Amino acid sequence: MARLGVVVMAAGRGTRMRSKQAKVLHRIAGRPMIRYALDLARRLAGHSVAVVVGHQADQVREVVESALAGQRDGAPVHIVEQKQQLGTGHAVLQARPVFVSGRGKEPAAYLILNGDTPLLQEATVQELLRVHRSSGATVTMLTAMLEDPSGYGRVVRRTAGGAQSGAPASADVLKIVEHRDATPEERAIREINVGTYVVDGGFLFAALEKVEPHNAQGEYYLTDIVDMAVKQGQRVSAMPLSDPDEGLGVNTRQQLAEAEAVIRQQIRGRWLEAGVTMVDPSSTWIEADVAIGKDTILYPNVTLEGRTVIGEDTTVYSGVRMTDCVVGNRVEILDHCVLREAQIDDEAHIGPFVHLRPGVLVRKNAKVGNFVEMKKTDLGEGAKANHLSYLGDATIGKGVNIGAGTITCNYDGTNKHRTVIGDHVFIGSDTQLVAPVTIGAGTVIAAGTTVTQDVPSDSLVIARVPQVNRAGWAAKRRALLSNGVPAGDTPSKSRKASTALSGKKKKR
Ligand code: UD1
Ligand code: MG
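Yeah, the sequence shown ends on 515 if you go by the numbering used here, and it's all consecutive.
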């Protein structure tokens with residue numbers, strides 16, 4: 008609608024959540040709840056959007072602003088503060104300066120959205136706007152028929168015998184009664200107020216000015232404008248949802264979990280439709296901002312979070328959790344990996360049991376295997392770190408082989424230091440690289456070496472305790488032990504053998 012102003016109410020505390028965090032900040036499929044109403048508002052507004060914040064205003068403002076950052080499309084958004092949360096009517100009234108000022112015309116109509124109704128679909132609201140225009144109503148509201156309407160405001164319609172629960176959905180709407188203010192007869196009404204309204208400009212703020220807090224909660228109810236419109240002889244129309252689930256208002260953790268389940272199901276449906284295979288969709292968790300390429304296969308119990316992007320023909324096995332990762336095409340990620348803010352290029356192999364922490368780049372065709380942890384490390388094309396290693400603050404060249412048990416000793420207790428390994432270096436098992444250190448290209452490091460100095464290219468580095476072999480020593484010891492010499496004693500004289508065992512030099 009060309010001149011549609013939208014108000015999103017997001018100032019409430021959400022007492023029924025029993026949370027330290029404002030209700031609209033709770034996440035659903037990885038997005039703060041407020042994002043759902045905000046995104047909808049921006050797609051629909053022809054004028055501008057006012058978001059009313061109050062409880063934990065700074066945090067809610069931050070979430071709104073970060074959602075807007077980088078988004079060019081959509082209506083301008085103004086954040087207004089409701090200093091005291093005196094009710095939904097009072098909340099909407101705070102948005103008036105955004106729309107009614109000396110300059111410019113007031114919007115022809117307003118769309119008002121509760122910030123806690125995340126399942127609402129754009130097509131439904133478009134339909135509501137059409138109904139509003141075609142019915143010539145002053146107020147048009149969305150309703151739902153629920154098996155269990157408790158907690159919601161009830162829609163009271165006119166019947167031949169007065170207002171009652173048996174009124175048909177076509178009868179005139181008289182008023183909305185909040186659950187706490189409703190009579191037993193009104194509580195029996197199954198048609199509820201979803202909290203989505205279209206209201207004519209000119210009427211909305213004039214009516215809100217007159218709302219009074221005469222109710223069980225002592226609040227200024229937005230819903231009172233329905234009764235006011237009816238009393239002024241204005242038309243009020245109501246559109247029942249064909250899918251009542253869309254009207255779910257999230258007031259409790261139970262409802263939060265219900266919304267989460269519905270949205271996750273929708274997200275999975277979209278990716279299945281787009282050509283992603285899920286071996287077991289019900290155990291596959293994909294957050295709202297994730298993107299996945301065609302012919303990628305997700306095994307059971309995969310969790311994809313944040314802004315993770317996965318390419319095509321990639322396979323992700325069970326128990327993998329990825330957060331804000333970028334994964335290329337034809338990558339294989341074996342079971343039970345925790346990957347965060349890592350980039351994994353085409354044809355790389357990861358896992359099983361790999362931990363990639365922020366700042367990791369695994370280049371094309373590289374391999375990271377069993378029990379390897381990496382952080383801020385660039386692993387070159389075709390390089391391999393297949394077993395039991397810690398690689399932190401390192402740049403590792405092309406085709407490098409990192410032997411089992413290699414550790415970059417990057418932290419001296421105060422500062423972190425870098426390790427640089429040139430192309431085609433071979434690092435033997437159980438090597439420690441004490442950073443800062445640079446290993447020239449093509450070098451071979453012998454197993455068990457502790458590297459403390461830079462190494463030129465194409466060298467051999469070996470730094471380990473020389474080996475001592477004593478022929479027959481073990482057999483003699485066994486014989487002595489079987490003759491009752493206490494364990495720990497030695498083949499010849501206990502002192503001599505124990506020095507040999509401890510590796511001290513023995514005279515020959
Ligand atoms: C509201 C409706 C109820 C409807 C239900 C649908 C009113 C009086 N009642 O009840 O008829 O069935 O939604 O889900 O409107 N808010 C503010 N400032 C406030 C109070 C609330 O911004 O002072 C915001 C909240 O953050 C929330 C929205 O308004 O996003 C609705 O508030 P909530 O307390 O959840 O209202 P309900 O009791 O659910
Ligand atoms: Mg609510």
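Don't be surprised by glycine CBs; every beta carbon is placed ideally from N, CA and C.
Note that the coordinates shown come from a computational prediction; the quantities given were computed from them, not determined experimentally.
By the Cβ rule, the stretch 117-125 counts as touching the stretch 186-204, because three or more pairs are nearer than 8 Å. Contact annotation: residue 126 and residue 199 have beta-carbon atoms that are not nearer than 8 Å. 8 Å or more divides the Cβ of residue 59 from the Cβ of residue 68. In the structure shown, residue 243 adopts extended strand secondary structure according to DSSP, grouped into three states. If only uninterrupted alpha helix (DSSP H) runs of at least 4 residues are considered, those enclosed by the stretch 25-104 are 41-51, 64-75, 95-100. Proximity annotation: ligand 2 has residues 123, 256, 258 in chain order, each selected because its CB is closer than 5 Å to a heavy atom of the ligand. The three-state secondary structure of residue 348, taken from DSSP, is coil. Boundaries of the alpha helix (DSSP H) harbouring residue 231: 231-238, taken from the DSSP string.
In terms of CA proximity to residue 453, 413 leads the group 348, 413, 195. Taking non-hydrogen atoms of ligand 1 into account, the C-beta of residue 299 is found less than 7 Å away from none of them.
For residue 131, the enclosing alpha helix (DSSP H) covers residues 129-142. The DSSP-derived three-state label of residue 431 is coil.
A Cβ-Cβ distance of about 6 Å is found for the pair residue 64 and residue 88, placing them in contact under the 8 Å criterion. Rounded to the nearest whole angstrom, the C-alpha separation of residue 418 and residue 24 is 43 Å. Taking the CA atoms as reference points, residue 140 sits about 13 Å from residue 10. Straight-line measurement puts the Cα of residue 318 at about 7 Å from the Cα of residue 301. Assigned with DSSP and collapsed to three states, residue 20 falls in coil, not helix or strand. Annotation for residue 33 indicates a beta carbon at 7 Å or more from all heavy atoms of ligand 1. Counting C-beta pairs with one atom in each stretch, the stretch 213-222 and the stretch 126-138 have fewer than three that are closer than 8 Å, which means they do not touch.
Secondary-structure assignment with DSSP links residue 262 through no beta bridge to anything. Distance from the C-beta of residue 185 to the nearest heavy atom of ligand 1 is below 7 Å. Annotated as distal: residue 113 and residue 105, with beta-carbon spacing of 8 Å or more. Taking 7 Å as the cut-off, one finds no heavy atom of ligand 1 near enough to the beta carbon of residue 86. In the structure shown, residue 126 falls within a coil segment according to DSSP collapsed to helix, strand and coil. Unbroken alpha helix (DSSP H) stretches of 4 residues or longer found wholly inside the stretch 386-436: none. When distances are taken from the beta-carbon of residue 43 to the heavy atoms of ligand 1, even the shortest one reaches 7 Å or more.
The beta carbons of residue 312 and residue 329 sit about 7 Å from each other, so the pair counts as a contact at 8 Å. Residue 379 is positioned such that its CB atom lies no closer than 8 Å to that of residue 407.
Between residue 394 and residue 376, the C-beta spacing is below 8 Å. Residue 435 and residue 459 have their C-alpha atoms roughly 15 Å apart.
Within the same chain, Cβ atoms closer than 8 Å to the Cβ of residue 359 are found at 324, 341, 342, 343, 344, 376, 377, the five residues on either side in sequence being excluded. Taking 8 Å as the cut-off, the Cβ atoms of residue 143 and residue 242 count as close.
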